[in-house]
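Okay, so here's the structure we're looking at.
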Amino acid sequence: MTSDLAAPGTALAEIASAGAIVRLPGLLDHCRVEGFEADFTSWGFYEPEPWRNYWHRHSFYEVCLCYAGTGRFSHGDDEYTVGPGQLFLARPGVVHEIESDPDDPLGIAFWGFGLLARSSAPRIGSRGWWTGLDTGPVVSRRLGSIPALLSALATEADRPRSGHRGLCRSLGAALIIETGRAFADDSVIEVTPVRQQPGQQAYALMHRYLRDNLARPITVREVAAAVHLSQRHAERLFIDNGGRPMMATLRELRMASAAQLLLEDRTVTETAAQVGYGDLPSFRAAFRSRYGQSPVEFRRTRGTRHEAD
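1 is the number of the first residue of the sequence shown in UniProt numbering; add one for each residue after it.
So this is what it looks like as structure tokens:
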């Protein structure tokens with residue numbers, strides 16, 4: 001059983017120039033992916049030439065991507081003819097053999113990995129990309145972003161730079177997910193993502209704008225302009241999403257920040273300036289109204305007399 005999705009030529013061109021993945025050992029040996037611990041056991045790249053891997057088995061998953069030529073992949077009792085744009089998967093413990101066609105030699109990139117479920121991994125029987133690794137077809141044309149991921153890994157392996165370990169582990173995790181997806185049935189990988197509505201996104205951006213600019217004079221007009229909304233629309237989003245108008249939200253954020261600064265033993269003058277109050281009497285009055293104590297008393301008692309509104 002194989003998928004009907006064809007591989008674009010550009011994707012195969014990426015694989016044909018990804019031979020540097022053989023340099024990944026030591027750079028990418030393990031990663032974490034959605035509650036699983038993955039250990040990469042092998043990285044390989046075969047040029048299009050006659051070759052044969054005789055019958056053998058692994059304790060890990062071995063995945064091959066053909067970028068040129070044709071060959072035969074035998075997996076247990078099943079035999080497949082494989083060619084450009086096809087992935088084929090040898091599952092742990094299954095005896096298999098790969099043979100390149102002598103007249104049209106097979107070129108492949110391959111990677112092997114073990115997958116160990118941790119306590120945070122999806123429960124047994126749950127639906128998701130991981131099901132494709134153990135059930136369903138062993139040959140697929142669903143490459144997804146695998147060529148781009150292998151190309152990116154090859155680039156990093158060829159010329160490692162600062163941050164290479166974090167980058168390689170992220171790319172490795174994506175490669176494992178895409179590998180599972182390639183062999184999984186659509187019915188177990190289709191999900192309905194949780195997305196923020198445009199109004200929620202705009203509210204979150206404006207709320208962050210307030211937090212980032214507490215020390216500055218702020219108007220509804222400039223906050224609304226930052227997300228390309230009218231003042232009226234911006235105010236309505238604050239009430240709908242946060243339950244209070246924008247300026248009331250700003251005052252609450254300023255007082256919360258002031259309380260934290262005072263607990264860090266900042267002076268009253270410094271605290272007032274950092275939360276946007278140039279006038280000390282106004283700051284003291286606003287703080288007392290919110291916390292029932294003067295800023296000096298709050299700092300001295302560590303806020304223990306505070307009773308929330």
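Glycine residues also receive a C-beta, built at the ideal position from the N, C-alpha and C atoms.
Bear in mind the structure is a predicted one, so any value in this text is a computation, not a measurement.
Original post:
Is any heavy atom in the ligand ADP found nearer than 8 Å to the beta carbon of G242?
Top reply: Only the bare structure without any ligand can be found here, which leaves the ligand ADP out of the picture.
Original post:
Which residues share a DSSP beta bridge with E156?
Top reply: According to DSSP, E156 bridges with nothing at all.
Subject >> Nearest neighbour of E97, chosen from A258, G166, A20, Y80 [CA to CA] >> reply: Residue Y80 is the option with its Cα nearest to E97.
Original post:
What is the residue span of the beta strand (DSSP E) that G180 lies within?
Top reply: Annotation for G180: no beta strand (DSSP E) segment contains it, though the alpha helix (DSSP H) segment containing it runs 164-183.
Subject >> Contained beta strand (DSSP E) runs [length at least 3] in the stretch 50-124, N- to C-terminal order >> reply: The stretch 50-124 is shown to contain whole beta strand (DSSP E) runs of 3 or more residues at 52-56, 61-68, 71-75, 78-82, 87-90, 96-100, 107-117, in chain order.
Original post:
alpha helix (DSSP H) containing T10: first to last residue?
Top reply: Counted as a single uninterrupted DSSP element, the alpha helix (DSSP H) harbouring T10 occupies residues 9-16.
**OP:** Grab me the residues of R288's own chain with a C-beta within less than 6 Å of its C-beta, minus the 5 sequence neighbours each way, in chain order.
**Re:** These residues qualify, in order along the chain: S294.
Original post:
Are there 16 or more other CB atoms within 10 angstroms of the CB of V194, so buried, or fewer, so exposed?
Top reply: Exposed is the call here.
**OP:** Kindly indicate the opening and closing residues of the beta strand (DSSP E) around T41.
**Re:** Segment 36-46, the beta strand (DSSP E) holding T41.
Original post:
Just how far apart, CA to CA, sit T249 and L210?
Top reply: About 9 Å.
Subject >> Residue from R244, A11, R290, E14 whose Cα sits closest to the Cα of S257 >> reply: Checked all of R244, A11, R290, E14; the closest Cα to S257 is R290.
Original post:
When the distance is taken between beta carbons, is V138 closer than 9 Å to L65?
Top reply: Cβ atoms of L65 and V138: not closer than 9 Å.
Original post:
By Cβ distance, which residues of its chain are closer than 6 Å to P122, with the 5 residues on each side in sequence left out?
Top reply: The answer, listed in chain order, is G128.
Subject >> Cβ-Cβ distance between V223 and M246 below 9 Å >> reply: For the pair V223 and M246, the CB atoms are nearer than the 9 Å cut-off.
Subject >> Coarse secondary structure for A6, derived from DSSP in three states >> reply: Because A6 carries a pLDDT of 46, less than 50, the predicted location of this residue cannot be relied on, and the following value inherits that uncertainty. In the three-state reduction of the DSSP assignment, A6 falls in the coil class.
**OP:** Could you check if V82 is buried or exposed, using at least 16 other CB atoms within 10 Å of its CB as the buried criterion?
**Re:** By the 10 Å Cβ count, V82 comes out buried.
Original post:
From E37, T267, E99, pick the residue whose C-alpha is nearest to that of G107; which is it?
Top reply: Nearest to G107 by C-alpha distance, out of E37, T267, E99, is E99.
Subject >> Beta-carbon proximity list for M1, same chain, < 6 Å, skipping 5 on both sides >> reply: With a pLDDT of 41 at M1, under the threshold of 50, the modelled position of that residue is not reliable, and no figure is offered here.
Original post:
Does the beta-carbon distance from G132 to D78 come in below 9 Å?
Top reply: Contact annotation: G132 and D78 have beta-carbon atoms that are not nearer than 9 Å.
Subject >> Cβ distance (whole Å) where D92 is taken to contact S59 below 8 Å >> reply: Before going on, a small fix: residue 92 reads as Pro here, not Asp. Separation of the CB atoms of P92 and S59 is rounded to 6 Å, and the pair is thereby assigned contact status at 8 Å.
Original post:
In the structure shown, what three-state DSSP assignment does V33 receive?
Top reply: DSSP places V33 within a strand segment (E or B) once states are collapsed to three.
Subject >> Q201 classed as buried or exposed, judged by whether at least 16 other C-beta atoms fall within 10 angstroms >> reply: Result: exposed.
**OP:** Please report the Cβ distance between A148 and F45, rounded to the nearest whole angstrom; I am assuming they are in contact, meaning their Cβ atoms lie under 8 Å.
**Re:** Actually they are not in contact, since the Cβ atoms of A148 and F45 sit about 16 Å apart, beyond 8 Å.
**OP:** Could you say if the stretch 19-38 and the stretch 145-159 meet the contact criterion of at least three C-beta pairs nearer than 8 Å?
**Re:** Cβ pair count under 8 Å is three or more, so yes.
Original post:
Less than 9 Å separating the beta-carbons of L115 and E62?
Top reply: Not in contact: L115 and E62 (Cβ atoms no closer than 9 Å).
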